[in-house]
Amino acid sequence: AQTVTQSQPEMSVQEAETVTLSCTYDTSESDYYLFWYKQPPSRQMILVIRQEAYKQQNATENRFSVNFQKAAKSFSLKISDSQLGDAAMYFCAYRRGGAQKLVFGQGTRLTINP
Amino acid sequence: GAVVSQHPSRVICKSGTSVKIECRSLDFQATTMFWYRQFPKQSLMLMATSNEGSKATYEQGVEKDKFLINHASLTLSTLTVTSAHPEDSSFYICSAILAGRAYNEQFFGPGTRLTVL
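Protein chains in written order, with the working numbering: chain V, -10 to 103; chain H, 70 to 186.
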């Protein structure tokens, strides 16, 4: 079974600084997708960024980028120029290609210090 | 686009009563919806997969007679917590897949907080 591990329960960063959240996963599949979701205090899950396993290029969405290391099965999220609105729980998630179910990591609570 | 709503957002009920939570895809048709449960400071736990017109598929350890799921239309799935007890108190989240959308992207509802007294 696929598993997703986020080893950092909590992280904090100064506003305007850069922070990296870690995620590792375990799978024997070659076709899969990886996601980072944000859950702010409102509890609404928001998709931050998505990475297709077949793509070598790391995904980027404005201030958010990933470091996808397929051989190491690592998928970290970098947030640049952190803003107060980035404070939230961040979940790493995996989905096998062709499947619909997501497998979530335990989450990392990110605090932004003004 | 791709908005998912849940109703109610909060519900408080007495032990032994049943509670129904609705999940609607407002501007798209969803052949598949998911129900999750989230305890405080924990991750989302998938409870079941709901497919329109067929029986839901429950994850291991989830009591199907306790958590009744009905997906009667392409825009509505309901979760009924039967004979609720305090241990059923939790945050319930639904999500829906937009049919035909690439990546089988799940769109999440805002969640329902259930408190059983």
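A virtual CB, placed ideally from N, CA and C, is assigned to each residue, including glycine.
Nearest candidate by alpha-carbon position, reference residue i, set the options
i: Leu66 (chain V); options: V:Leu99, V:Ser31 and V:Tyr21; result: V:Leu99
i: Phe103 (chain H); options: H:Thr184, H:Leu167, H:Arg182 and H:Val185; result: H:Leu167
i: Glu41 (chain V); options: V:Trp25, V:Met0 and V:Ser1; result: V:Trp25
i: Phe97 (chain H); options: H:Asp134, H:Thr144, H:Ile138 and H:Ile81; result: H:Thr144
i: Ser158 (chain H); options: H:Thr126, H:Glu121 and H:Phe136; result: H:Phe136
i: Lys83 (chain H); options: H:Asp134, H:Ala165, H:Glu156 and H:Ala99; result: H:Glu156
i: Cys92 (chain H); options: H:Pro109, H:Phe108 and H:Thr149; result: H:Thr149
i: Pro29 (chain V); options: V:Cys81, V:Ala82 and V:Ala76; result: V:Ala76
i: Thr7 (chain V); options: V:Leu91, V:Asp70, V:Ser1 and V:Gln(-5); result: V:Asp70
i: Leu95 (chain H); options: H:Tyr172, H:Ser164, H:Val185 and H:Leu186; result: H:Ser164
i: Ala117 (chain H); options: H:Pro179, H:Leu186 and H:Tyr161; result: H:Tyr161
Beta-carbon proximity check, residue i vs residue j, cutoff 9 angstroms
i: Arg52 (chain V); j: Ile68 (chain V); result: yes
i: Gln72 (chain V); j: Glu4 (chain V); result: yes
i: Ala153 (chain H); j: Leu183 (chain H); result: yes
i: Glu174 (chain H); j: Ala99 (chain H); result: no
i: Ala48 (chain V); j: Val(-7) (chain V); result: no
i: Pro77 (chain H); j: Thr181 (chain H); result: yes
i: Asn56 (chain V); j: Thr16 (chain V); result: no
Integer-rounded CB distance, given that residue j should sit under 8 angstroms from residue i
i: Val88 (chain H); j: Phe177 (chain H); result: Actually they do not touch by this definition, with Cβ atoms about 20 angstroms apart.
i: Phe64 (chain V); j: Tyr14 (chain V); result: 6 angstroms
i: Thr151 (chain H); j: Asn139 (chain H); result: Contact flag wrong, Cβ pair sits at about 12 angstroms.
i: Gln(-9) (chain V); j: Arg85 (chain V); result: 7 angstroms
i: Gln75 (chain H); j: Ile90 (chain H); result: 6 angstroms
i: Pro179 (chain H); j: Gln33 (chain V); result: 5 angstroms
Residue i versus residue j: straight-line alpha-carbon distance, rounded
i: Cys12 (chain V); j: Gln58 (chain V); result: 11 angstroms
i: Ile101 (chain V); j: Gly94 (chain V); result: 21 angstroms
i: Tyr79 (chain V); j: Thr97 (chain V); result: 5 angstroms
i: Arg106 (chain H); j: Glu50 (chain V); result: 29 angstroms
i: Tyr127 (chain H); j: Ser54 (chain V); result: 35 angstroms
i: Met114 (chain H); j: Gln45 (chain V); result: 30 angstroms
i: Arg39 (chain V); j: Asn120 (chain H); result: 25 angstroms
i: Thr86 (chain H); j: Gly74 (chain V); result: 39 angstroms
i: Glu18 (chain V); j: Ala61 (chain V); result: 14 angstroms
i: Asp20 (chain V); j: Tyr43 (chain V); result: 7 angstroms
i: Glu132 (chain H); j: Ser31 (chain V); result: 28 angstroms
i: Pro103 (chain V); j: Met0 (chain V); result: 14 angstroms
i: Lys124 (chain H); j: Lys27 (chain V); result: 31 angstroms
i: Tyr172 (chain H); j: Gly130 (chain H); result: 28 angstroms
Q | Sequence ranges, beta strand (DSSP E) only - wholly within the segment 106 to 155 of chain H, length at least 3 | A | 113 to 120, 136 to 142 and 145 to 150
(Q) Quick check on the DSSP output: what are the complete alpha helix (DSSP H) runs of length 4 or more inside the segment 31 to 101 of chain V, in order along the chain? (A) none
Q. Which runs of the beta strand (DSSP E), 3 residues or longer, sit entirely within the segment -8 to 31 of chain V?
A. -8 to -6, -1 to 3, 8 to 10, 13 to 15 and 21 to 28
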